[in-house]
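Okay, so here's the structure we're looking at.
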Amino acid sequence: MKYLDLIKLEKTISDINQKINSALNVQLSLKEKRQYYAMKLDKLNENLKKLQHDKNRSNQVISTLTRELDRARSSQESHKVSTSQRLQTANQQDLKEYNETKEKLTIRTATDQQQLDHVKRQERSLLDKISQLNNKKEQVTTKIQTSTDLKTELNERIKQAENEVKNYKTQISTTTKELTDKQNEQQRTLSRENELNEQLATILGQLVEAKIDSHQSDRQKKLMDALDTLKRSFTGVHGRLIDLVKPVHSKYHTSVSIVLGNNINSVVVDNESTAIECIKYMKEQRVGQAKFIPLSTIKTQPIQEKYRTIAKGARLAYEAIECDESIQQAVYYACGNTLITDSVNVAKEIVYQKEEEVKCVALDGTIIHRGGQITGGGADLSESEAKRKWQEKEILTLKKNRDEIINNLNEISHSKRRNNDIEQLKANLEGLKSSLEFANNELSDAKVKLRSVESEVNLVSKEKTDYESALKIEENKLKTCQAEITKIESQISKVETEIFAAFCQRLRIQSVSQFENSQLKARQITLEEESKLFNLVSKLESQKKFEDDRQKEIYSFLTRVNQAIDTENKSLQDLQKEIRENDTQIANWRSEINSKTTSLNNAKKVCTESLEKLSIAQSENRNQLKSIEDLYKSKNAKELVHLKTNGERNLIFRKCQLDKIDLPLARGNLKNFEETQLSSSIDDSQASIRSRDWSIEVNFQSLSNSEKQVINQFYLLLFAYIYYLG
Numbered sequence: 080m081k082y083l084d085l086i087k088l089e090k091t092i093s094d095i096n097q098k099i100n101s102a103l104n105v106q107l108s109l110k111e112k113r114q115y116y117a118m119k120l121d122k123l124n125e126n127l128k129k130l131q132h133d134k135n136r137s138n139q140v141i142s143t144l145t146r147e148l149d150r151a152r153s154s155q156e157s158h159k160v161s162t163s164q165r166l167q168t169a170n171q172q173d174l175k176e177y178n179e180t181k182e183k184l185t186i187r188t189a190t191d192q193q194q195l196d197h198v199k200r201q202e203r204s205l206l207d208k209i210s211q212l213n214n215k216k217e218q219v220t221t222k223i224q225t226s227t228d229l230k231t232e233l234n235e236r237i238k239q240a241e242n243e244v245k246n247y248k249t250q251i252s253t254t255t256k257e258l259t260d261k262q263n264e265q266q267r268t269l270s271r272e273n274e275l276n277e278q279l280a281t282i283l284g285q286l287v288e289a290k291i292d293s294h295q296s297d298r299q300k301k302l303m304d305a306l307d308t309l310k311r312s313f314t315g316v317h318g319r320l321i322d323l324v325k326p327v328h329s330k331y332h333t334s335v336s337i338v339l340g341n342n343i344n345s346v347v348v349d350n351e352s353t354a355i356e357c358i359k360y361m362k363e364q365r366v367g368q369a370k371f372i373p374l375s376t377i378k379t380q381p382i383q384e385k386y387r388t389i390a391k392g393a394r395l396a397y398e399a400i401e402c403d404e405s406i407q408q409a410v411y412y413a414c415g416n417t418l419i420t421d422s423v424n425v426a427k428e429i430v431y432q433k434e435e436e437v438k439c440v441a442l443d444g445t446i447i448h449r450g451g452q453i454t455g456g457g458a459d460l461s462e463s464e465a466k467r468k469w470q471e472k473e474i475l476t477l478k479k480n481r482d483e484i485i486n487n488l489n490e491i492s493h494s495k496r497r498n499n500d501i502e503q504l505k506a507n508l509e510g511l512k513s514s515l516e517f518a519n520n521e522l523s524d525a526k527v528k529l530r531s532v533e534s535e536v537n538l539v540s541k542e543k544t545d546y547e548s549a550l551k552i553e554e555n556k557l558k559t560c561q562a563e564i565t566k567i568e569s570q571i572s573k574v575e576t577e578i579f580a581a582f583c584q585r586l587r588i589q590s591v592s593q594f595e596n597s598q599l600k601a602r603q604i605t606l607e608e609e610s611k612l613f614n615l616v617s618k619l620e621s622q623k624k625f626e627d628d629r630q631k632e633i634y635s636f637l638t639r640v641n642q643a644i645d646t647e648n649k650s651l652q653d654l655q656k657e658i659r660e661n662d663t664q665i666a667n668w669r670s671e672i673n674s675k676t677t678s679l680n681n682a683k684k685v686c687t688e689s690l691e692k693l694s695i696a697q698s699e700n701r702n703q704l705k706s707i708e709d710l711y712k713s714k715n716a717k718e719l720v721h722l723k724t725n726g727e728r729n730l731i732f733r734k735c736q737l738d739k740i741d742l743p744l745a746r747g748n749l750k751n752f753e754e755t756q757l758s759s760s761i762d763d764s765q766a767s768i769r770s771r772d773w774s775i776e777v778n779f780q781s782l783s784n785s786e787k788q789v790i791n792q793f794y795l796l797l798f799a800y801i802y803y804l805g
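Now the structure itself:
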């Protein structure tokens, strides 16, 4: 798999993760809606139970009222029958006389009787009206009580909804603040990550440009680890001098390295006791040896100020070095009064012409000592080694910075994975907003219902007040009517006493009322019972009518609640279906992520193995190139020997030709050996030289064995001379 395919795969996984996060947000919102619908259904079911209870109670009340009404009507009919039977059992003679006398009384009191009947009709009408008003008052009172209970319930719901709204607002404020803080932190983290990535890219570029093998030997790693341990374990350990200083310019790499000399890898410490402790530790741990420079005990040469301006192109060595003030004494100790010059001529001028006893180091690495001796000849190698030393230091610093940046990026990556709760916070915030919206809707509905109930209570209270006022008026009318009845009955009673005097004397009773009480008491009782039964029937009919109306209202409420429950159940089922589909989609995406993550990890593993193989192949390639280079060097050396040997052979042939020595030949002729062939140019190709030089072959068969041995020894010595000295 190509690296571009890995990037595409990671991008696909990231896109799927974003889809999952979006789906989780939607899922949380759907679950909040489901919870709201469930709460709403619970409330509707509670209302349904209450309505069912009210319905059952209303049915019971109506059934009871119906039975009582039937019994009252039956009692009323039975009372009529029994009354007629009792009236027939009275004394017919006395009743006849009583009736005749009563007719006389009626004739004499006809006007009063008419007036009395009229007033009594008014009384009965007033009693009926008062009874109706009392019934209506009771109905209104019941409505007021029901509305008051509903009002109390709505007030409790409003209070609860207000508390929920307040809590949701507080949670939204807290969650919003937390989300803002997290987003700001994420923004800072992203900025920091971008900054670190830029720094890492720069450092990696610098490492690539350095072209230095990044591998360290085990001994060097062990020594560097020991130095880090010394820094942590002992106070006053600064580090190696090469790690603490830096030339002010890259052109001073070679000269500064030579000036520092053996002190370049020395460890700078504050005092001698620290150095002793460090040496003891290194011996115990067997991590090698190191030279230490204790700042408190080293002795430095006084700086000669005249050397600052002694010649153009010359400067004190420590001026070409950057370092911290705390280790400046160690730099003075390592450099002394040594001068760095731009060229060898400037150094010669200072030492030879001005006769200054001072050590000078040229930029190319040439050293002129105090006594005038000159050390040099390996300028290129010195420059390369010096450059390598400083580059090693820079690379160590770059690697350290790289590792720190990578660690910081890893921490940022871990923190980013830990900070995935931003999406959760967003989802929670959306859920809280949905809950707040639902709570506000619930609060608004409750307030609307409360206003409606309060309006109904006010209206019904006004009706009750009107009924009470009307009842008071009718009761006053009834009192007036009853007073009028008493007055008329008093007038009739006087006439009745006068007319029934003989009747009372014959029956030996004091007044006709005794006869009426004894004989007509049943009728009076009957009338009273009829009146009571009539009032009872009227009251029961009014109550039954009220309960019938209330039952119709309950049935209407039940129908609406059942419709609302059906609607909410359908919405809840649709929501459940959507949640299941969303869960299935999320599960599919997660399964896809797991599959792609496995593929990505396998591809990364293959990629890592390929990179390791590539690194090994590159290392082998470098070794092969080095071997090829060595072979080319060997080949060139052998060709050089061949050319020199061929030249010597040609000289021999030429000498034999000039001295006219008859050389036994197996092939060729010295007469054909031209001068131009003997002085062949260096530019001739090897093939042409070989074709000309080896066209003559000497015949050694005529030589004795001792002569052949001498010639062989001579050629061996000649080859050795040419190879080692030529």
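Note that our numbering has the sequence shown beginning at 80, numbered continuously upward. Even for Gly, the Cβ is constructed at its ideal location relative to N, Cα and C.
A straight-line Cα-Cα distance of about 20 Å links Met118 and Thr638. The three-state secondary structure of Thr353, taken from DSSP, is helix. Secondary structure at Cys735: helix, using DSSP grouped into helix, strand and coil. Proximity of the region 383-396 to the region 425-432 meets the contact definition, three or more beta-carbon pairs being nearer than 8 Å. Just measuring C-alpha positions, the residue of Tyr116, Gln106, Ala102, Lys90 sitting nearest Gln652 is Tyr116.
With respect to the C-alpha of Glu671, the residue from Thr227, Asn96, Gln788, Ala240 having the closest C-alpha is Asn96. By DSSP's assignment, Leu418 forms a beta bridge with Leu395, Cys439. Look at Gly340 here: in three-state DSSP terms it is helix. Taking C-alpha positions only, Glu553 is separated from Glu235 by approximately 41 Å. Here Lys216 is near Lys543, since their CB atoms are less than 8 Å apart. When the alpha-carbon of Asn213 is set against those of Glu147, Lys611, Ser621, Leu283, the nearest one is in Ser621. The Cβ atoms of Cys439 and Thr420 lie closer than 8 Å to each other. The three-state secondary structure of Ile372, taken from DSSP, is strand.
Shortest Cα-Cα distance from Glu435 to any of Val777, Gly444, Thr417, Glu699 involves Thr417.
With contacts defined by Cβ atoms closer than 8 Å, Glu626 and Leu144 form a contacting pair. The beta carbon of Ser513 sits closer than 8 Å to those of Ser108, Glu111, Lys112, Tyr115, all from its chain and outside the five residues before and after it, given in chain order. Checking the DSSP bridge columns, you'll see Gly318 partnered with Val347. Straight-line spacing of the CA atoms in Arg733 and Val437 works out to 59 Å. If you look at Ala745, you'll find it in the beta strand (DSSP E) that goes 744-746. The alpha helix (DSSP H) runs lying completely inside the region 164-215 and spanning 4 residues or more are 171-187, given in chain order.
Each residue's CA atom was taken as its position, placing Asn135 and Thr190 some 56 Å apart. Taking 8 Å as the upper bound for CB-CB distance, Leu302 and Gly318 are not in contact here, some 12 Å apart. Counting along the chain, the unbroken alpha helix (DSSP H) around Val423 starts and ends at 423-427. Annotation for Ala580: the continuous alpha helix (DSSP H) segment containing it runs 580-586. Looking at the DSSP output, Lys325 bridges to Glu401.
Here the C-alpha atom of Ala643 lies approximately 29 Å from the C-alpha atom of Leu103.
When the five nearest sequence neighbours on each side are left out, the beta carbons in the same chain lying within less than 6 Å of the beta carbon of Lys183 are those of Ile578, in order along the chain. Distance from the CA atom of Leu586 to the CA atom of Asp207, rounded to whole angstroms, is 39 Å. In the three-state reduction of the DSSP assignment, Glu776 falls in the strand class. Under the Cβ criterion (8 Å, minimum of three pairs), the region 516-533 does not count as touching the region 267-279. If you ignore the 5 residues before and after Glu521, its C-beta comes within less than 6 Å of the C-beta of Ala240, all in its own chain and listed in chain order. Asn614 is not a Cβ neighbour of Ser154, given a cutoff of 8 Å.
A direct Cα-Cα distance of roughly 43 Å separates Ala393 from Asn715. When the five nearest sequence neighbours on each side are left out, the beta carbons in the same chain lying within less than 6 Å of the beta carbon of Asp133 are those of Ile633, in order along the chain. Taking a contact as a CB-CB distance under 8 Å, the pair Leu258 and Ile501 counts as one, their CB atoms being some 7 Å apart. Secondary structure of Ile571 (DSSP, three-state): helix.
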